[in-house]
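Residues 239 to 511 (the working numbering) are what the sequence shown spells out, left to right.
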Amino acid sequence: MDLILFLKCASLNFGFSLPMLVGLVGHFYKSVEGQLISAAIYDLSYIIIALMASSGASIGFLRGNKVMELFENLNIHTYRTPEKFNVIKLKIEKITTFVYYYCITISVSMMFMSHILDSDCYKRKNKGQASGYVCGQIIPAWFPIEIDYFPWKHLLWLINFIEAAYIIPKMNVFFVSYYGCVILIINRIEHLKKMLKSIDVHGKDISLIKQEFKKCFIYYSEIHRLTDDFNSTIGFAISTSQNALLGSLIAVMEYQVVMVIKKIRNIFICKPM
Numbered sequence: 239m240d241l242i243l244f245l246k247c248a249s250l251n252f253g254f255s256l257p258m259l260v261g262l263v264g265h266f267y268k269s270v271e272g273q274l275i276s277a278a279i280y281d282l283s284y285i286i287i288a289l290m291a292s293s294g295a296s297i298g299f300l301r302g303n304k305v306m307e308l309f310e311n312l313n314i315h316t317y318r319t320p321e322k323f324n325v326i327k328l329k330i331e332k333i334t335t336f337v338y339y340y341c342i343t344i345s346v347s348m349m350f351m352s353h354i355l356d357s358d359c360y361k362r363k364n365k366g367q368a369s370g371y372v373c374g375q376i377i378p379a380w381f382p383i384e385i386d387y388f389p390w391k392h393l394l395w396l397i398n399f400i401e402a403a404y405i406i407p408k409m410n411v412f413f414v415s416y417y418g419c420v421i422l423i424i425n426r427i428e429h430l431k432k433m434l435k436s437i438d439v440h441g442k443d444i445s446l447i448k449q450e451f452k453k454c455f456i457y458y459s460e461i462h463r464l465t466d467d468f469n470s471t472i473g474f475a476i477s478t479s480q481n482a483l484l485g486s487l488i489a490v491m492e493y494q495v496v497m498v499i500k501k502i503r504n505i506f507i508c509k510p511m
């Protein structure tokens with residue numbers, strides 16, 4: 239099931255983010271070629287963020303019902319509400335709301351500022367020194383062919399806008415949800431430890447002791463099930479190995495695409511003698 243889910247996520251991630259990621263890899267290639275180390279590091283950080291954001295959004299689309307079921311089950315308590323549960327829950331909700339709207343505000347603001355204030359790129363374009371670069375984008379992009387005109391430039395801008403205003407804020411909420419789920423599950427484990435410590439194993443009522451141990455076993459099974467649900471949804475989306483593997487595969491394929499297109503372009507464009 240995890241392999242099928244991984245392939246679905248990879249397909250959705252690759253399909254939606256392909257234009258943006260190709261442009262990013264192209265810009266990274268040009269930065270390395272021009273020995274612009276700071277620009278290359280900047281590009282690489284954007285590639286990692288874009289991959290993790292679209293991967294998290296893919297999990298949301300593909301396993302949304304399972305994620306909602308996990309959140310609902312975290313609010314259900316078979317044997318009394320754990321200590322500090324309501325305080326922890328309220329704190330997580332406040333952090334989630336703040337992070338979501340903060341990310342939307344910052345991302346959209348940077349998007350419009352980049353569109354208006356990318357004067358350096360526009361100057362180089364006017365001098366004919368920025369062939370292949372797409373100006374006015376929050377995410378830097380370079381393509382082997384010129385697409386800095388309508389409708390391709392505006393289509394790329396729209397994709398970047400969706401990434402900045404929807405996918406990246408959702409991904410940041412996923413990070414907060416990851417933290418929140420871990421804290422709430424740990425809170426249940428602490429509650430289970432207190433239940434076990436409260437059992438009087440030296441008591442004379444054997445049937446009562448067995449009943450208390452049975453409750454603890456059932457409660458442990460619930461925690462185990464919640465942990466499995468967490469690992470197959472939010473935990474899977476933020477998995478380091480999953481994102482590293484996906485990122486490596488896409489980076490290699492996109493680098494090959496950029497190089498092939500560049501070779502084809504050199505073949506068909508006649509160079510002056």
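We treat Cβ as the ideally placed atom computed from N, Cα and C, and that holds for glycine.
- For the set Y317, N313 and V372, the Cα lying nearest the Cα of V325 is the one of N313.
- Cα atoms of E384 and S369: separation of roughly 7 Å, rounded to the nearest angstrom.
- Of the residues K452, D386, D466 and I406, the one whose Cα lies closest to the Cα of V420 is D466.
- For the pair E401 and P320, the CB atoms are not nearer than the 8 Å cut-off.
- As DSSP reads the structure, W380 sits in a beta bridge with Y371.
- In the DSSP annotation of this structure, L274 is not part of any alpha helix (DSSP H), being labelled neither H nor E.
- Comparing alpha carbon positions, the residue from Q273, V439, L259 and V337 closest to Y284 is L259.
- Looking at the backbone, the Cα of K363 and that of G272 are separated by about 17 Å.
- For H265 against P389, the beta-carbon gap comes to about 21 Å, at or over 8 Å, which does not count as contact.
- Across the structure, L262 and G473 are spaced so that their CA atoms are roughly 27 Å apart.
- Shown here for K322: same chain residues with a beta carbon closer than 8 Å to its own, the five before and five after excluded, namely N425 in chain order.
- Annotated three-state conformation of P257 is helix, per DSSP.
- Take the alpha-carbon of K268 and the one of A277: they are about 9 Å apart.
- When rounded, the separation of the alpha-carbon atoms in I344 and I286 is 19 Å.
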